[in-house]
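Heads up: the structure comes next, in structure tokens.
Protein chains in written order, with my numbering: chain V, 14 to 474; chain P, -15 to 276.
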């Protein structure tokens, strides 16, 4: 074996997977995992742990894999993470743990994500569960939202002995793991549902169909329903649109709508009761992970798909692996291109999108080079569906109905990073509701911080 | 699970169900709505709230069968359950937060069309409970499709029933009754119109001419109902609004109805196909213009 290279991971072939919703990456088997684990040099001052938002003891679990003791490896991971099978699949490892790996200096880093995934999948297949609290401490915590932040916070608190209830607005728990990330990247029944079962096995209750801010307020949870503290992990919020002419035309969707129909409501399945537009030629506007997910979903529903992004490939915010997979599957990248108008037929249906070419100018406040319009470069792409994937703005449902809960100028809930403390006593928050749209693992890190903050608050109360 | 305590057909293809839903019953206000899902495979269907009982923890919903999914829902009986029942969603009617004294000085006119009578009822009832009598016009295509007449009579100041074909009550569209009432010397400070999009559009046209501020309740396509998907976006006063969180009630004189009506058509072909598949099963092999 070449010690400078990762043990390659098996994947569904691009041509085959472009027409199905089954998982793209097939993962390591035990042999492959042990071989890859042997590449880890077990650094004393492990940089990878510093790159992990939930600080998993990475060399510790890899050591166990190397020895072939996968169960022990799972217990090491689950001390820090409630959702390893999810993280092994969706974390941006290249900018976190693997980005810091010493092996990466002269070759490829250890494939930490794929190893984590292997351990979590093995544990699931072999019925291994994380260890829960021995005794309950009699204190009640309400967690709002059952996405990565909420599940992590709830799992950590339950392990400490708290009685935790999660309130979920949708009919199914999981948040973005269920409505946002597609089946081919994160299988729902086999992976997400099982990780949620593990959290429930720790004693966490989940009440679905409760929209906090509407069905019940945070003040009512604290004053009438007997909760001692609340963690808000309500997620990102309302989809943004560009504000260009034609955007309300039939055939223009937010990525949130398109993905929710396909993922949560299973509209990709012909037998689903929920419809989805199966376009012939689809433009997805944006360059993040959500844009890649929407594009690859549209492709699997039979369309020719273009990613339309105003900056260049280097600035694409999506994970490298997603861009790579999207290209392999045949997604066309129209880079340095920006829509200015959506064109419609007489009945109000999309039949084209007018765009301009861009070039990169001076760096802006984000440090990325600002795209500037090339004069006279207008042209029309013929499309019948446009999916806007431009990020989200915070949902005011909770902040507007909770006395004393401050938001910042972007309307995100104000909370400190270390403990998730908000401006209201007993109320903690984390994840996209605080930071704006980010990643699963950052939300999990915030969920952990919130659990730590709540524990400290309730122990001193 | 949310148990159905009562289920009946009010008129052809219009159903009323009383559902046990404690959280919704405790919090809901006139103007708000809920989303139901019949079973694990069900679509999320937004429905208006027709009535609620805070003590019993029940919510009454009324719906018309328009596609495969509502047709399936119509088969539910007392004792069955909805898999999901979430709400209350959307904002309460504006008048709910107005002081009762100010409301008492206002002459209010409610205009209900077809199944839109259901969401008008709790609004008029709420006012009646506070000693405010509002005039109500209820319009239906024909006598057989008229719903909740007795209930409405009990809470309305004056009730005017009109049918398009003249088979019951007055004859003609609701707009004609509005015009006649104003010509008779009635003065209204505000009008609330709820019904089919096309009805609301024409009521707004008329009340604009008559100078009566008008509120409408929109029922666009929705998925989550909490602001997340943006499917329900409508243009009001040139700005994009999400009906689920900004509405569902808006200033009717500022709503872009033509756009809203077009947007309601997005999934019509897919819905029609699903309905035909359900009705005709394997015997359907094209020719409908909807499939293939």
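All C-beta atoms, glycine included, are put in the ideal place defined by N, C-alpha and C.
Could you list which residues in chain V have their beta carbon closer than 8 Å to that of residue i, in chain order?
i	result
residue 196 of chain P	Residues of chain V passing the Cβ test: none, with the nearest at roughly 27 Å.
residue 229 of chain P	251, 408, 409 and 410
residue 73 of chain P	224 and 227
residue 11 of chain P	227, 228 and 229
residue 52 of chain P	286
Whose C-alpha, out of the options, is nearest the C-alpha of residue i?
i	options	result
residue 97 of chain P	P/61, P/163 and P/145	P/145
residue 69 of chain V	V/452, V/277 and V/109	V/109
residue 23 of chain V	V/96, V/228 and V/44	V/44
residue 346 of chain V	V/354, V/327, V/353 and V/361	V/327
residue 403 of chain V	V/187, V/191 and V/254	V/254
residue 81 of chain P	P/210, P/107, P/140 and P/1	P/107
residue 48 of chain P	P/151, P/-3 and P/206	P/-3
residue 94 of chain V	V/457, V/470 and V/474	V/457
residue 299 of chain V	V/449, V/257, V/107 and V/321	V/321
residue 389 of chain V	V/436, V/256, V/353 and V/304	V/353
residue 200 of chain P	P/252, P/63, P/229 and P/181	P/181
residue 317 of chain V	V/381, V/398, V/375 and V/286	V/398
residue 371 of chain V	V/142, V/184, V/387 and V/36	V/387
residue -1 of chain P	P/58, P/6, P/119 and P/116	P/58
residue 234 of chain V	P/2, P/7 and P/241	P/7
Contact check, residue i vs residue j under 8 Å by CB: the rounded distance?
i	j	result
residue 245 of chain V	residue 467 of chain V	Between residue 467 of chain V and residue 245 of chain V the Cβ distance is about 11 Å, and since that is not below 8 Å, they are no contact.
residue 154 of chain V	residue 240 of chain V	6 Å
residue 332 of chain V	residue 105 of chain V	5 Å
residue 357 of chain V	residue 364 of chain V	6 Å
residue 395 of chain V	residue 367 of chain V	That pair is no contact at about 11 Å.
residue 4 of chain P	residue 42 of chain P	6 Å
residue 289 of chain V	residue 312 of chain V	Contact flag wrong, Cβ pair sits at about 13 Å.
residue 232 of chain V	residue 448 of chain V	At roughly 24 Å, the Cβ-Cβ gap does not stay under 8 Å, so residue 232 of chain V and residue 448 of chain V are not in contact.
Residue i versus chain V: which residues are under 7 Å apart at the beta carbon?
i	result
residue 249 of chain P	263
residue 21 of chain P	184
residue 243 of chain P	261
Can you name, in chain order, every residue of its own chain whose Cβ lies under 7 Å from the Cβ of residue i, other than the five neighbours on each side?
i	result
residue 135 of chain P	105
residue 158 of chain P	95, 97, 121, 123, 146, 183 and 187
residue 21 of chain V	none
residue 224 of chain P	217
residue 325 of chain V	348, 349 and 373
residue 434 of chain V	428, 441 and 466
residue 65 of chain V	71, 109 and 110
residue 212 of chain V	95, 164, 167 and 168
Excluding the 5 residues preceding and the 5 following residue i in the sequence, name in chain order all residues of the same chain whose CB lies nearer than 6 Å to its CB.
i	result
residue 273 of chain P	Confidence at residue 273 of chain P is low in this model, with a pLDDT of 44, below 50, so its placement is unreliable and no value can be given for it.
residue 60 of chain V	113
residue 122 of chain V	111, 114 and 116
residue 196 of chain P	172 and 175
residue 162 of chain P	190
residue 165 of chain P	none
residue 120 of chain V	17
residue 101 of chain P	122, 131 and 132
residue 61 of chain P	-9
Could you tell me which chain P residues have their CB closer than 8 Å to the CB of residue i, listed as they occur along the chain?
i	result
residue 278 of chain V	27, 28 and 207
residue 310 of chain V	Neighbours of residue 310 of chain V on chain P: none; closest Cβ ~14 Å, over 8 Å.
residue 432 of chain V	Here the premise fails: no neighbours, minimum Cβ distance about 27 Å.
residue 34 of chain V	Within chain P, no residue comes near residue 34 of chain V; the closest Cβ sits about 17 Å away, beyond 8 Å.
Mind checking if residue i is an interface residue toward chain C, Cβ cutoff 8 Å exclusive?
i	result
residue 227 of chain V	Looking at the structure shown, chain C is missing, and the protein chains on hand are V and P.
Using a Cβ-Cβ cutoff of less than 8 Å, which residues in the same chain neighbour residue i once the five nearest sequence positions on both sides are dropped?
i	result
residue 216 of chain V	145, 146, 149, 171, 176 and 177
residue 10 of chain V	Past the boundaries of the shown model lies residue 10 of chain V; chain V is included only from 14 to 474, so the question cannot be answered.
residue 76 of chain P	13, 14, 15 and 16
residue 229 of chain V	180, 223 and 238
residue 497 of chain V	For residue 497 of chain V there is no data in the structure shown, the boundaries of chain V being 14 and 474.
Using a C-beta to C-beta distance shorter than 7 Å, which residues of chain P count as neighbours of residue i?
i	result
residue 361 of chain V	246
residue 223 of chain V	7
residue 269 of chain V	212, 213 and 214
Taking Cβ-Cβ distances shorter than 9 Å, what residues in chain P pair up with residue i?
i	result
residue 274 of chain V	207, 213 and 215
residue 182 of chain V	70, 208, 209, 210 and 212
residue 254 of chain V	214, 217 and 224
Going by the C-beta, is residue i closer than 7 Å to any heavy atom of the ligand PLP?
i	result
residue 431 of chain V	In the structure shown, the ligand PLP is absent, as is every other ligand, since no ligand is present at all.
*Segment contact, 8 Å Cβ cut-off, at least three pairs: the stretch 68 to 81 of chain P with the stretch 17 to 31 of chain P*: Taking one beta carbon from each stretch, the stretch 68 to 81 of chain P and the stretch 17 to 31 of chain P have 3 or more pairs nearer than 8 Å; the two touch.
_the stretch 193 to 204 of chain V contacting the stretch 273 to 285 of chain V, beta-carbon criterion three pairs below 8 Å_ = Short answer: they touch.
*Evaluate contact between the stretch 208 to 222 of chain P and the stretch 253 to 271 of chain V, counting only Cβ atoms and requiring at least three cross-stretch pairs below 8 Å.*
Counting Cβ pairs under 8 Å, three or more are found: they touch.
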